[in-house]
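Down below is the structure, laid out as C-alpha cells.
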Amino acid sequence: MANQGRNDAFGDEYWLDLWRFTIMRKSFWDSMTVAVITLALFLSFSPAGACTRIFWNSNGQTMLVARTMDLLQDDAPSFYLFPKGMSKDGGVANPAKWTSRYGSLVTAAFGLSTYCSEGINTQGLAYHYLYLAVTRYEDRDGRRPGVLEGRYGQYLLDNAATVSEALQLMYQSQLVPEAAAGFNWPLHLALEDAQGDSAVVEFVGGQMNVFHGKEFTVLSNDPTLDQQVQNLGRYQYFGGTLPLPGDVDSISRFVRAAAFRSTLDNPSLTRDPVSRLFSAIRPESKPFGAVMFSGGRSIPAPQTLWTSLFDLTHKAVYFTHSMTRNNFWIDMSKLNFSAGAPVLYLKADRPDLSGDVSGMFTPPPWKTDTTIFPLLWD
Numbered sequence: 163m164a165n166q167g168r169n170d171a172f173g174d175e176y177w178l179d180l181w182r183f184t185i186m187r188k189s190f191w192d193s194m195t196v197a198v199i200t201l202a203l204f205l206s207f208s209p210a211g212a213c214t215r216i217f218w219n220s221n222g223q224t225m226l227v228a229r230t231m232d233l234l235q236d237d238a239p240s241f242y243l244f245p246k247g248m249s250k251d252g253g254v255a256n257p258a259k260w261t262s263r264y265g266s267l268v269t270a271a272f273g274l275s276t277y278c279s280e281g282i283n284t285q286g287l288a289y290h291y292l293y294l295a296v297t298r299y300e301d302r303d304g305r306r307p308g309v310l311e312g313r314y315g316q317y318l319l320d321n322a323a324t325v326s327e328a329l330q331l332m333y334q335s336q337l338v339p340e341a342a343a344g345f346n347w348p349l350h351l352a353l354e355d356a357q358g359d360s361a362v363v364e365f366v367g368g369q370m371n372v373f374h375g376k377e378f379t380v381l382s383n384d385p386t387l388d389q390q391v392q393n394l395g396r397y398q399y400f401g402g403t404l405p406l407p408g409d410v411d412s413i414s415r416f417v418r419a420a421a422f423r424s425t426l427d428n429p430s431l432t433r434d435p436v437s438r439l440f441s442a443i444r445p446e447s448k449p450f451g452a453v454m455f456s457g458g459r460s461i462p463a464p465q466t467l468w469t470s471l472f473d474l475t476h477k478a479v480y481f482t483h484s485m486t487r488n489n490f491w492i493d494m495s496k497l498n499f500s501a502g503a504p505v506l507y508l509k510a511d512r513p514d515l516s517g518d519v520s521g522m523f524t525p526p527p528w529k530t531d532t533t534i535f536p537l538l539w540d
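Numbers given in our numbering equal positions in the sequence shown, counted from 1, plus 162.
Okay, structure coming up:
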C-alpha cells in the first residue's frame, strides 16, 4: 500500500487543508473512537524503545533532520565510516549482494557494526529506525533477496542517492527481522534526502505500508503514522480545542513535534537553522526516571540516551549524548569515503568528545566483530 502525500512542506497550510478535508469526512465521535482504540492498542505493549524524529525541509538554507534515541537499555552507540566500493551481502538465505556505490557514516548499536540505527551517505540520503510495537514484518519470501534488519539501512545507503531510489530497492528486496542485544526489535523506518523528499515505511499485518511525500516530516512510535496524523486535529495548533500535551507518551510527543515543527520559520542568514531544529526536538526528550501514566497505570519511560541532527545539504552530523553532556559534530567532507579507503570507527559516548571530532576516527575494534564482519564484506 502506497500513500502519496502532497509535495509541500509540513507546515501550517498543509495541516489546515488536511484537517478541513478530514472534518468533512469524519464526525467528531468517529475521530474520538479511533483515538481511544489506538491508544489502548499502544498501551498493550511494553515500551522497550521510544524515539522522535523531525525533518525540517522548508527553511530555505539546508535540509536538516533530528531524532532522539530513547531506550530502557544502553545502546552503546558508535560511528562507522564505510567507504564506497565494498562488497557486502544481506546475511540470510538468498541474500541481496552488492558493492557499495556510495560511502556512508552510520550509527551502530550494541557494539555490532552490522546493527545500525541510522546513517547518512555521501549523497545526502539518510535513514532512521524508530520503535513501532505493532510491527509485524512480511513473511519471508525466498524469491526476493533478503537483508537482515540491522544492515538494511546500510543496504539503502550503499545503493541509493534519493528517497525514491531507496523505496525502489525496498520493493525489490525484503527486510528480514533479527534479534539484537537479546531482543527482537519491531521498527518503522524514516527516509530523507538532500532534495527534501521524505518517506516513512511501516510493516503492519505482514504488509509494507509506504507514506511518501515531503509532508511526512514527523515521526514517533505507536500508533501507526496515519493514526498519529488523524489524531492531530484534536489540538489547537491543528484546528482543535485541546492544548498541547505535556507527557512523554508517543502520541503526545508526536503532537508536540508536529506543533513545534510548524513554528520553525525560515531563518535569516544570520540565524542558525541547526540550533533552531535542536530547539524543536529537545522538548520531546525524556528525562531519566520518567514514567508514562496513560491508561491509569505507571510504565517506566525509555529515557533519551542521545540526540542527533543530520545536515543533508552540507553532509554533517551533530550529536549529543545524555551521559557525557558534550556537543560534537562530524564534517563528512573531512573524511575519506573513496574506494579502498579504510573502515573507521568512533565510540560516540566517549566523555572527551567535544566540538569537531572529524579527525578522531580510528580503525575499528575488529576483535569484537570477527564473526560479523566477514558476513558483511569481503
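All residues carry an ideal CB built from backbone N, CA and C; glycine is no exception.
With residue i as the anchor, note down where its beta strand (DSSP E) starts and where it stops.
{"i": "Q392", "result": "Here Q392 belongs to no beta strand (DSSP E); instead the alpha helix (DSSP H) covers 387-393."}
{"i": "F450", "result": "Segment: none, F450 is in no beta strand (DSSP E) and carries neither H nor E."}
{"i": "V372", "result": "369-374"}
{"i": "V436", "result": "Counting along the chain, V436 falls outside any beta strand (DSSP E), though it belongs to the alpha helix (DSSP H) covering 435-443."}
{"i": "R574", "result": "This structure gives no information on residue 574, because the portion of the chain shown stretches from 163 to 540."}
{"i": "T230", "result": "226-233"}
{"i": "S516", "result": "Per DSSP, S516 belongs to no beta strand (DSSP E) and is neither H nor E."}
Given a cut-off of 7 Å on the beta-carbon distance, is the pair residue i and residue j in contact?
{"i": "M454", "j": "A442", "result": "no"}
{"i": "V338", "j": "V254", "result": "yes"}
{"i": "G315", "j": "G281", "result": "yes"}
{"i": "Y242", "j": "V268", "result": "yes"}
{"i": "G286", "j": "A238", "result": "no"}
{"i": "S484", "j": "L471", "result": "no"}
{"i": "A510", "j": "S240", "result": "yes"}
Where do the ends of the alpha helix (DSSP H) carrying residue i lie?
{"i": "D320", "result": "311-321"}
{"i": "Q334", "result": "325-334"}
{"i": "R415", "result": "412-424"}
Can you tell which of the options has its C-alpha closest to the C-alpha of residue i?
{"i": "G368", "options": "D434, D303, W218", "result": "D303"}
{"i": "Y399", "options": "P407, A421, G286", "result": "A421"}
{"i": "W260", "options": "T269, Q336, K250, L267", "result": "K250"}
{"i": "D493", "options": "M370, W347, N283", "result": "N283"}
{"i": "T486", "options": "R229, T469, T475", "result": "T469"}
{"i": "F365", "options": "V227, Y317, D301", "result": "D301"}
{"i": "T386", "options": "L294, M225, D409, A288", "result": "L294"}
{"i": "R305", "options": "S279, V296, F345, A258", "result": "A258"}
{"i": "F217", "options": "T475, F244, S240", "result": "T475"}
{"i": "R444", "options": "R423, R433, D434", "result": "R423"}
{"i": "V380", "options": "L310, L351, L467", "result": "L351"}
{"i": "L310", "options": "Q235, L349, P513", "result": "L349"}
{"i": "G222", "options": "A356, S500, G252", "result": "A356"}
{"i": "R229", "options": "T403, S275, Q392, A288", "result": "A288"}
{"i": "V296", "options": "P307, D384, F499, D511", "result": "D384"}
{"i": "F499", "options": "N256, K477, A510, G252", "result": "K477"}
{"i": "S335", "options": "G308, N346, E327", "result": "G308"}
Take residue i and list the residues in its own chain whose beta-carbon comes closer than 8 Å to its own, dropping the five residues that flank it on each side.
{"i": "S382", "result": "A212, C213, T214, R215, L292, Q390, S412, I413, R415, F416, A419, E446"}
{"i": "S460", "result": "V453, M454"}
{"i": "G451", "result": "Q465"}
{"i": "P525", "result": "P504, V505, L506, Y507"}
{"i": "L331", "result": "Y317, L318, N321, A322"}
{"i": "M522", "result": "L508, L515"}
{"i": "D473", "result": "T224, M225, L226, V436, V479, Y480"}
{"i": "P405", "result": "Y397, Q398"}
{"i": "G344", "result": "none"}
{"i": "P527", "result": "Y507"}
{"i": "R187", "result": "In this prediction, R187 has a pLDDT of 33, which is less than 50 and means its spatial position is unreliable; what the coordinates show is noted afterwards. Around R187: no qualifying Cβ."}
Please name the residue or residues paired with residue i in a DSSP beta bridge.
{"i": "N489", "result": "T482"}
{"i": "K250", "result": "W260"}
{"i": "P462", "result": "V453"}
{"i": "T524", "result": "Y507"}
{"i": "F345", "result": "A342"}
{"i": "N269", "result": "Correcting the residue type first, residue 269 is Thr in the shown sequence and not Asn. Beta-bridge pairing links T269 to F241, E280."}
{"i": "T469", "result": "T230, T482"}
So, for residue i: in the same chain, excluding its five sequence neighbours on each side, which residues have a beta-carbon less than 7 Å away from its beta-carbon?
{"i": "R263", "result": "K246, D320, N321"}
{"i": "A361", "result": "V325, L329, L353, V372, F373, H374, F378"}
{"i": "Y277", "result": "A270, A271, G312, A342"}
{"i": "G358", "result": "N219, M225, K376"}
{"i": "V410", "result": "K448, A452, M454, A463"}
{"i": "S520", "result": "I492, D493, K496, L497"}
{"i": "D112", "result": "Nothing about residue 112 can be read from this structure; the chain reaches only from 163 to 540."}
Could you tell me whether any non-hydrogen atom of the ligand ADP is closer than 6 Å to the CB of residue i?
{"i": "I443", "result": "Looking for the ligand ADP in the displayed structure turns up nothing, as the structure carries no ligands at all."}
Could you pull out every residue in the same chain whose Cβ sits closer than 6 Å to the Cβ of residue i, ignoring the five residues on either side in sequence?
{"i": "S516", "result": "N488, F490"}
{"i": "G408", "result": "none"}
{"i": "F440", "result": "none"}
{"i": "V198", "result": "Confidence at V198 is low in this model, with a pLDDT of 40, below 50, so the placement of that residue is unreliable and no value is reported for it."}
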